[in-house]
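Please read the structure below before turning to the comments.
In the numbering used here, the protein residues as written are 218 to 652.
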């Protein structure tokens, strides 16, 4: 940016509504003078690989969209209190706010900002501490959508602490949300601190959809969370209130097989009641057990899950996992106690599950490898029987788009559940199907 360009941008822009600056080479000191006279009509400000000081008059009341991608090779000298001040100036109008990466600093503790019109918040970061610090100063609407992304693997000392079981108690990265704006006039909501006018809280998640995609160089976890119960058979699903993506860049041989130990506990995973396994790679049982472990270190706990939704290609692995604590042998007595795996599970749904009898179990075909191995019918029957005799019966079993199950087999499964739904038919214990 030469002197003539800087001079042209130094004054006032009274009619400017949108400003986008991409991949510039100017330095921080050269950006200070841009539109020092202000741009009172500016509603959209997009900065990619560049930045302005947070004291810039472009961060003004009336700004609705603010998207900033900071340069990695020349990060700004960051004064955290200035970011809070800038957000305070745009708090009455901001609808979309994106900042990546969020500088890893501790924010001042004396102020909270209410982004009362915010609809979407996107933050990128390397460590959870920066997110936790910023979220302690922001209060957003109940319905605002939050996207968080992390692009690092946990340090070795963090992983070892979780392995030993002596890691510190995780701090939440759930945003504070307000939900009683209908009783406040806009002038009061805009002008006053939220702490004494608004009812706000960090809403714990109730439903989680877990995706896991991996290559030789990277594992990407995606957590979609809702603060209410979600029926995962719906298409499309309702928009999640919080989406968190974690890219673990450790090599395949050193990969941490559990959900990221720094991030997942901070999502209040113990509060999750409905779980959907949407996209997971085919993995050995041992890796799947680590991913799904519910009551032992180092994995975060999913022991509160009451409903589990499983897509076709994962059905075999889930049943194999649940079979892990089912006793076998000719002289097996009654269960000695409730299951340790998903002990509160009451609802189990399989989408497009394919069955095969134990006598016909053979090496999977190419089609089965692509779509998931078939489930041995007797294995699922044993899982349901074990849970029924343990006093933790599956209350609802749903088999969606399941086409190779006979009525006789369905009646056998129905003996050990409260109710079974199968392709539009309903079975209850000891009753004939309701057509």
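Beta carbons are placed, not taken as given, at the ideal position from N, Cα and C, and that holds for glycine.
If you draw a straight line from the alpha carbon of residue 521 to that of residue 484, how long is it in whole angstroms?
If I take the Cα positions, the gap works out to 14 Å.
How should residue 354 be labelled, buried or exposed, when 16 other C-beta atoms within 10 angstroms of its C-beta is the threshold for buried?
Residue 354 is buried by the Cβ-count criterion.
Quick check on DSSP: helix, strand or coil for residue 558?
Residue state, collapsed to three classes: coil.
Between the Cα of residue 275 and those of 227, 317 and 316, spot the shortest distance and give me the residue it belongs to.
For the residues 227, 317 and 316, the minimum Cα distance to residue 275 belongs to 227.
Along the chain, where does the alpha helix (DSSP H) containing residue 509 start, and where does it finish?
Residue 509 -> alpha helix (DSSP H) spans 502 to 509.
Quick one: Cα of residue 257 to Cα of residue 335, how far?
Going by the C-alpha atoms only, they are around 20 Å apart.
Within a Cβ cutoff of 8 Å, which residues of the same chain sit near residue 301, ignoring the five residues on either side of it in sequence?
Closer than 8 Å at the Cβ level, and outside the excluded window around residue 301, lie 324, 325, 328, 330 and 354.
Residue 360: buried (16+ other C-beta within 10 angstroms of its C-beta) or exposed?
Exposed, since its Cβ has fewer than 16 Cβ neighbours within 10 Å.
Between the alpha carbons of residue 368 and residue 481, how many angstroms are there, rounded?
Roughly 14 Å separates the two Cα atoms.
For the putative contact between residue 260 and residue 237, defined by C-beta atoms under 8 Å, what is the C-beta separation to the nearest angstrom?
Wrong, their Cβ atoms sit about 12 Å apart, outside the cutoff.
Can you give the Cα-Cα distance for residue 602 and residue 526, rounded to whole angstroms?
Going by the C-alpha atoms only, they are around 19 Å apart.
Run the CB neighbour count on residue 646, radius 10 Å, all protein chains shown included, and call it buried at 16 or more, exposed below.
Residue 646 comes out exposed.
So what does residue 644 bridge to, in DSSP terms?
Answer is 637.
Under the rule that 16 or more other beta-carbon atoms within 10 Å means buried, what is residue 556, buried or exposed?
Buried, by the Cβ-count rule.
Which runs of the beta strand (DSSP E), 3 residues or longer, sit entirely within the stretch 306 to 334?
Within the stretch 306 to 334, the complete beta strand (DSSP E) runs of at least 3 residues are 313 to 317.
Pull the bridge partners of residue 465 from the DSSP assignment, please.
Partner(s): 436.
Could you name the residues of the same chain whose beta carbon sits closer than 8 Å to that of residue 272, not counting the 5 residues immediately before and after it, in chain order?
Closer than 8 Å at the Cβ level, and outside the excluded window around residue 272, lie 299, 302 and 303.
Using DSSP with H/G/I as helix, E/B as strand and the rest coil, what is residue 610?
Coil.
Please tell me whether residue 496 and residue 422 are closer than 8 Å, where the distance is taken between their beta carbons.
No, the pair does not count as a contact, with Cβ atoms beyond the cut-off.
Classify residue 430: buried if its beta carbon has 16 or more other beta carbons within 10 angstroms, exposed otherwise.
The residue is exposed, with fewer than 16 neighbouring Cβ atoms inside 10 Å.
Let me check understanding here. Comparing Cα to Cα, which of 539, 396 and 593 lies closest to residue 502?
Of 539, 396 and 593, the residue nearest in Cα terms is 539.
Which residues in the same chain as residue 278 place their Cβ atom closer than 8 Å to its Cβ, once the five residues preceding and following it in sequence are excluded?
Cβ neighbours of residue 278 beyond the five flanking positions: 306, 307, 309 and 310.
For residue 591, count neighbouring C-beta atoms within 10 Å of its own C-beta (all shown protein chains included) and say buried if the count is 16 or more, exposed if not.
Per the 10 Å Cβ criterion, buried.
Distance, Cα to Cα, residue 390 vs residue 349?
The straight-line gap from Cα to Cα measures roughly 5 Å.
Please work out which residues of its chain come closer than 6 Å, Cβ to Cβ, to residue 565, disregarding the five sequence neighbours upstream and downstream, and give them in chain order.
So the list reads 525, 611 and 614, once near-sequence residues are dropped.
Which whole-angstrom value is the C-beta distance of residue 315 and residue 343, which I expect to be below 8 Å?
The Cβ separation is near 17 Å, so there is no contact.
Can you find the residues in the same chain that come closer than 8 Å, C-beta to C-beta, to residue 623, ignoring five residues on each side of it along the sequence?
Cβ neighbours of residue 623 beyond the five flanking positions: none.
For residue 457, report the span of its alpha helix (DSSP H) as first-last.
Taken as a continuous stretch (DSSP letters only), residue 457 belongs to no alpha helix (DSSP H), as it is neither H nor E.
In whole angstroms, what separates the C-alpha of residue 639 from that of residue 318?
Each residue's Cα considered, the two are about 48 Å apart.
Does DSSP put residue 486 in a helix, a strand or coil?
Reduced to three states, the DSSP call for residue 486 is helix.
Would a C-beta distance cut-off of 8 Å place residue 619 and residue 569 closer than the cut-off?
Yes, the pair counts as a contact, with Cβ atoms nearer than the cut-off.
What are the boundary residues of the beta strand (DSSP E) that includes residue 338?
Where residue 338 is concerned, the enclosing beta strand (DSSP E) stretches over 337 to 342.
Excluding the five sequence neighbours on either side, which residues of its own chain have a C-beta within less than 6 Å of the C-beta of residue 552, listed in chain order?
Same-chain partners within the cutoff: 606 and 607.
Hey, residue 536 and residue 634 are a contact pair by Cβ (cut 8 Å); roughly how many whole angstroms apart?
14 Å between Cβ atoms; not a contact.
Measuring CA to CA, which of 499, 491, 597 and 571 is closest to residue 541?
Per the Cα distances, 597.
Could you give the distance in angstroms between the alpha-carbon of residue 339 and the alpha-carbon of residue 627?
About 46 Å.
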